[in-house]
Ligand SMILES: Cc1cc2nc3c(=O)[nH]c(=O)nc-3n(C[C@H](O)[C@H](O)[C@H](O)COP(=O)(O)O)c2cc1C
């Protein structure tokens, strides 16, 4: 069978990256608090008993770079290169006639979203939210599929509030339907191989079916199966699928919600999703993601890291890139060839990805995934009087009511080329990492 969510859970279990919770937990606040605790350990966490639901819950699937490296069968540093290589060759998904996601099929009037362990994450959230749903839709004119990740607020047994606005492609597709007085059919996939949600969180040109990216990441065609009540296809090995339509001409209050920047987005008038069918595995595992967690950041970061890496590689000898812990800042390590080159690197990065606000450029001997190392380089190698690139009034993060994201700062934290010997890092003989303290205790 095709690699699915369970394959990944088993993989992380075998590599000691999984915490298993047998005690019953409440999806309201208790479960996310435990997710946060597991995040500190950089481990995925599965809850086998969840109050008011027969479903298990999984979270923190790609909370660490080590886990990403396992998924991509490479090293932390080379995950981005692996992404670039795989995505180059898009692969068409394949239609199959059966799959475990159809083990249970419930249609109206049997549909009841209360059966799902929908999690209430933050104290001021408007209610329980589906946060790891891959929304599948089709352009009404071309029939080309689009997939994206959208938050959904629980509002009743068959009703969810959904956030989807242009320029996001789902918003464009819905606008087209609404202009013709039509509702938009969607399917929401919860719990699939992580590559599927990574593809959904990737921004590509309008008209590209991101399931072809999911297939490319898998290095084989993703197996899709037809939905029961809508003209859409979903991964056959998914855990849960919701089918239905986003209503035409209807908006209702949605939010507040603790979003990816760790702030609450206020209540807004947003779209309404009417659920008409639920299909799932018999012992389904429901996936949830905490917005602003490291898992969420990695999900948003990886495709953007690839975009910046490719652009910067055209102007410099790039070693590694990291867009965590926030996707509005990045660290890039290079093998510097010329003085001044780090500023060009920062400019190329800002050009490739407009949400970037800070770009720190370090030498090849600095670990971009270790903020202590990055701060060490900034403190001991940067020259604020000459090494800063300030770009004012540029295009930045668009939802910016206080106008604080429209300028950019590049920081050259590299050592002077002609003084490299003086800036050589000291090495403890034998290598600190090589010595296991336990052997001496
Ligand atoms: C966990 C998570 C939740 C997200 N929620 C939303 C959302 O509610 N609304 C939205 O417009 N984008 C949201 N996004 C971002 C989009 O999924 C992302 O921009 C995607 O690339 C859009 O797809 P598109 O290229 O088809 O427009 C979310 C991303 C993640 C990872």
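In my numbering, the protein residues as written are 432 to 872. The beta-carbon is built from N, C-alpha and C at its ideal position, and this holds for glycine as well.
### Sequence-distant residues of the same chain with beta carbon closer than 7 angstroms to residue 478, five excluded per side
The residue you call residue 478 lines up with position 47 of the chain shown. Around residue 478, the same chain offers 452, 456, 462, 487, 488 as residues with beta carbons nearer than 7 angstroms, after the five sequence neighbours per side are excluded.
### Boundaries (first-last residue) of the beta strand (DSSP E) holding residue 478
As a working mapping, residue 478 is identified with position 47 in the chain shown. DSSP places residue 478 in the uninterrupted beta strand (DSSP E) bounded by 475-478.
### Query
Under the DSSP definition of a beta bridge, which residues are partnered with residue 639?
Sequence index remark: in the chain shown, residue 639 carries index 208 (1-based). Note: residue 639 sits in no beta bridge, so no partner.
### Task
Kindly indicate the opening and closing residues of the beta strand (DSSP E) around residue 684.
Start at 1 with the first residue of the chain shown, and residue 684 comes out as number 253. Per DSSP, the continuous beta strand (DSSP E) segment holding residue 684 begins and ends at 683-685.
### Message
Are the CB atoms of residue 826 and residue 840 within a distance shorter than 8 angstroms?
### Response
Walking along the chain shown from the start, residue 840 turns up at place 409. Walking along the chain shown from the start, residue 826 turns up at place 395. With respect to the 8 angstroms criterion, residue 840 and residue 826 are not classified as neighbours on the basis of their beta carbons.
### Task
Determine contact between the stretch 744-751 and the stretch 567-577, defined as no fewer than three beta-carbon pairs at a distance below 8 angstroms.
No: fewer than three Cβ pairs fall under 8 angstroms.
### Query
Under the three-state reduction of DSSP, which class applies to residue 650: helix, strand or coil?
Against the chain shown, residue 650 aligns to sequence position 219. It is coil, neither helix nor strand.
### Task
Give the secondary structure of residue 595 by DSSP, where H, G and I count as helix, E and B as strand, and everything else as coil.
If you number the chain shown from 1, residue 595 lands on position 164. In the three-state reduction of the DSSP assignment, residue 595 falls in the coil class.
### Test item: CB-CB of residue 703 and residue 592 under 8 angstroms
Within the chain shown, numbered from 1, the residue matching residue 703 stands at position 272. Within the chain shown, numbered from 1, the residue matching residue 592 stands at position 161. Taking 8 angstroms as the Cβ cut-off, residue 703 and residue 592 qualify as a contacting pair.
### Query
For residue 633, which option in 676, 515, 847 has the closest C-alpha, if you only look at C-alpha atoms?
Within the chain shown, residue 633 is the residue found at index 202, counting from 1. Considering only alpha carbons, the answer is 515.
### Query
Which word fits residue 458, buried or exposed, when buried means at least 16 other C-beta atoms lie within 10 angstroms of its C-beta?
As a first step, residue 458 must be located in the chain shown, where it is residue number 27. Buried, by the Cβ-count rule.
### Query
Given residue 691, which residues of its chain have a CB within under 8 angstroms of its CB, disregarding the five upstream and five downstream residues?
Counting from one through the chain shown, the residue named residue 691 turns up at place 260. Closer than 8 angstroms at Cβ, skipping near neighbours: 722, 723, 727, 728, 731, 758.
#### Entry: Cross-strand partners of residue 525 (DSSP beta bridge)
Numbered from 1 along the chain shown, position 94 holds the residue referred to as residue 525. Beta-bridge partners of residue 525 (DSSP): 654.
### Message
What does the Cβ neighbour count give for residue 834, buried or exposed, with the cut at 16 atoms within 10 Å?
### Response
Stepping through the chain shown from its first residue, residue 834 is reached at position 403. Burial call: exposed.
### Message
Does the distance between the C-beta of residue 584 and the nearest non-hydrogen atom of ligand 1 fall short of 7 angstroms?
### Response
Here residue 584 corresponds to residue number 153 of the chain shown, with the count starting at 1. False, no ligand heavy atom lies under 7 angstroms from that Cβ.
#### Entry: At least 3 beta-carbon pairs within less than 8 angstroms: the stretch 635-646 vs the stretch 515-526
Contact between the stretch 635-646 and the stretch 515-526 is present, because at least three Cβ pairs lie under 8 angstroms.
### Query
With distances taken from CA atoms, which of 539, 464, 804, 586 is nearest residue 701?
Your numbering for residue 701 matches position 270 in the chain shown. Comparing Cα-Cα distances from residue 701 to each of 539, 464, 804, 586, the minimum goes to 586.
### Task
Whole angstroms is fine: what's the gap from residue 849's alpha carbon to residue 770's?
Within the chain shown, numbered from 1, the residue matching residue 849 stands at position 418. Within the chain shown, numbered from 1, the residue matching residue 770 stands at position 339. Rounded to whole angstroms, residue 849 to residue 770 spans 9 angstroms at the Cα level.
### Message
Just verifying my parser: in three-state terms, what is the DSSP assignment at residue 761?
### Response
Counted from its first residue, the chain shown places residue 761 at position 330. Strand at residue 761.
### Message
Can you confirm whether the stretch 751-766 touches the stretch 530-549 when touching is taken to mean that 3 or more C-beta pairs between the two stretches lie within less than 8 angstroms?
### Response
Three or more beta-carbon pairs separated by less than 8 angstroms are not found between the stretch 530-549 and the stretch 751-766, which leaves the two stretches without contact.
### Task
Specify whether the stretch 541-551 and the stretch 679-696 touch according to this definition: at least 3 beta carbon pairs, one from each stretch, less than 8 angstroms apart.
At 8 angstroms Cβ cutoff, the stretches do not touch.
#### Entry: Coil, strand or helix - residue 448 by DSSP
Here the question's residue 448 lines up with position 17 in the chain shown. The three-state secondary structure of residue 448, taken from DSSP, is coil.
### Message
For residue 718 and residue 559, what's the separation of their Cα atoms in angstroms?
### Response
Along the chain shown, one-based indexing puts residue 718 at 287. Along the chain shown, one-based indexing puts residue 559 at 128. For residue 718 and residue 559, the distance between alpha carbons rounds to 14 angstroms.
### Task
Would you kindly report the start and end of the unbroken beta strand (DSSP E) that includes residue 701?
Here residue 701 refers to the residue found at position 270 of the chain shown. Residue 701 -> beta strand (DSSP E) spans 699-711.
### Query
If you draw a straight line from the C-alpha of residue 628 to the C-alpha of residue 497, how long is it?
Locating residue 628 in the chain shown gives position 197, counting from the first residue. Locating residue 497 in the chain shown gives position 66, counting from the first residue. Annotation: residue 628 to residue 497 spans about 18 angstroms, alpha carbon to alpha carbon.
### Message
Please report the straight-line C-alpha distance between residue 510 and residue 626, rounded to a whole angstrom.
### Response
Position 79 of the chain shown, counted from the start, is the residue given in the question as residue 510. Position 195 of the chain shown, counted from the start, is the residue given in the question as residue 626. Using only the alpha carbons, I get a separation of about 13 angstroms.
### Query
Are the beta-carbon atoms belonging to residue 435 and residue 646 less than 8 angstroms from one another?
Taking the first residue of the chain shown as 1, we reach residue 435 at position 4. Taking the first residue of the chain shown as 1, we reach residue 646 at position 215. With contacts defined by Cβ atoms closer than 8 angstroms, residue 435 and residue 646 do not form a contacting pair.
### Query
If you check the beta carbons only, do residue 677 and residue 763 fall under 8 angstroms apart?
Here residue 677 refers to the residue found at position 246 when the chain shown is read from its first residue. Here residue 763 refers to the residue found at position 332 when the chain shown is read from its first residue. One thing to note: residue 677 has its Cβ no nearer than 8 angstroms to the Cβ of residue 763.
### Task
Go through its chain and collect everything with a Cβ distance to residue 796's Cβ below 7 angstroms, but skip five positions before and after it.
Your numbering for residue 796 matches position 365 in the chain shown. The answer, listed in chain order, is 856.
#### Entry: Inside the stretch 452-500 only - alpha helix (DSSP H) runs reaching at least 4 residues
Secondary structure in the stretch 452-500: the alpha helix (DSSP H) runs of 4 residues or longer, each lying completely within the stretch, are 461-471 in chain order.
### Query
Taking DSSP as the reference, what is the three-state secondary structure of residue 443?
Numbered from its first residue, the chain shown carries residue 443 at position 12. Note: residue 443 maps to helix in three-state DSSP.
### Query
Thinking C-beta only, is residue 655 closer than 8 angstroms to residue 664?
Counting from one through the chain shown, the residue named residue 664 turns up at place 233. Counting from one through the chain shown, the residue named residue 655 turns up at place 224. Yes, these two residues count as a Cβ contact at 8 angstroms.
### Query
Do you know whose CA, among 567, 582, 588, lies nearest residue 615's CA?
Numbered from its first residue, the chain shown carries residue 615 at position 184. For residue 615, the nearest C-alpha among the options comes from 567.
### Query
Exposed or buried, which one is residue 464 when buried takes at least 16 other CB atoms within 10 Å?
Counted from its first residue, the chain shown places residue 464 at position 33. So residue 464 counts as exposed.
#### Entry: Among 483, 493, 837, 432, the one whose alpha carbon lies nearest that of residue 471
Position 40 of the chain shown, counted from the start, is the residue given in the question as residue 471. The candidate whose alpha carbon is nearest that of residue 471 is 493.
### Closest by C-alpha distance to residue 433, when choosing among 481, 525, 473, 538
Numbered from its first residue, the chain shown carries residue 433 at position 2. The residue with the shortest Cα to Cα distance from residue 433 is 525.
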